[in-house]
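Remarks on the structure that follows.
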Amino acid sequence: MNELKNEIREHLFEMRDEPYREFQSALIPTVNKETVIGVRTPALRRYAKELAKLEEIETFLQDLPHLYFEENNLHFFIIEQTADFETCLEQVQAFLPYVDNWATCDQACPKVFKRHKQELLPSIREWVESEQTYTARYGLGMLMRFFLDEDFSPEYPEMAAAVQSEEYYVNMMIAWYFATALAKQYDAVLPYLKEYRLSPWVHNKTIQKACESYRLTEEQKAYLKGLKVKRK
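Heads up, the sequence shown stops at 249 in my numbering, and the numbers go up one at a time, no gaps.
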């Protein structure tokens, strides 16, 4: 196990890009800069595809927690390659408690999940209700990715609106969810803004992000701006 871990770590440092490390570190303030190597995401994804083919890769996936930010991202990108739904879901469940930042949380979306959306839904419900910041954020992200188009149901924004959190990274994802929902299911989710059913911060952030979208009309944006909560 140590041999594979050391080999992976050595290769990550070989791919290090120092200017990118500086840039990346500034975007993930919850991560200790000393644990950021500075490997660009496309390179990590390519490496993950190679590693996913190794029979012994399971030893790396079981060796938690990882030390480096890139090792966590690599872990999630390897999971993305898993073709069996149940196995992939188990791997995600095992890894989510170790996710400690928005970048690792948001980048990984296993392809097999798209083919098993209804089977995934119970886990999404569980994740959204989690007390762990990035587990809840991941659940909200999956709800946004998979259930705002042909699989949309009014119960899903209810699920997102029910999340009560003081965590910035959870609330930002709720706002992102509703801003995207306004672009895709405007009439169905507009009442959440009209009736002020979201917390003031999430409400205003939703409107801000929605108004930054090219998918809403100028008329819709003007109306949404008129719904902003005025801070005292």
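From the three backbone atoms N, C-alpha and C, an ideal C-beta is built for every residue, glycine too.
Given the structure is predicted, the values throughout are model-derived calculations rather than measurements.
query	result
Exposure label - Pro-127; buried when at least 16 CB within 10 Å	buried
CA-to-CA distance, Val-219 to Thr-225, given in whole angstroms	Looking at the sequence provided, one finds Gln at residue 225 rather than Thr. Using only the alpha carbons, I get a separation of about 10 Å.
Selection from Ser-140, Ser-147 and Ala-205 that minimises the alpha carbon distance to Phe-130	Ser-140
Alpha-carbon spacing of Ala-227 relative to Glu-20, whole angstroms	48 Å
N-terminal and C-terminal residue of the alpha helix (DSSP H) that Asp-117 is part of	That residue, Asp-117, is in no alpha helix (DSSP H); it is neither H nor E in DSSP.
Proximity to Glu-148 [Cα-Cα], best of Pro-59, Ile-45 and Val-187	Val-187
Cα-Cα separation, Leu-106 to Phe-86	22 Å
Pro-174: first and last residue of the uninterrupted alpha helix (DSSP H) it sits in	172-178
DSSP-derived helix/strand/coil call for Leu-71	coil
First through last residue of the alpha helix (DSSP H) which encompasses Thr-104	102-112
C-beta contact flag for Ala-13 and Ile-45 at 8 Å	Limits of the chain in this structure are 18 at one end and 249 at the other, which puts residue 13 out of reach.
Given Leu-199 as reference, the closest of Gly-55, Phe-77 and Tyr-231 once Cα atoms are compared	Tyr-231
Beta-carbon contacts of Thr-58 that lie in its chain and below 8 Å, excluding the five residues immediately before and after	Asn-90 and Gln-124
Nearest residue (CA-CA) to Val-56, options His-28, His-83 and Leu-207	His-28
Nearest-angstrom Cα separation, counted from Met-159 out to Asp-101	18 Å
Residues near Ile-95 in its chain [Cβ-Cβ closer than 6 Å; skip 5 each side]	Ala-65, Leu-68 and Ala-69
Counted within 10 angstroms of its Cβ, other Cβ atoms place Glu-143 as buried (16 or more) or exposed	exposed
Given Thr-234 as reference, the closest of Val-246, Leu-210, Tyr-203 and Ser-216 once Cα atoms are compared	Tyr-203
Other residues of its chain near Phe-169: CB distance less than 6 Å, five sequence neighbours each side excluded	Gln-202
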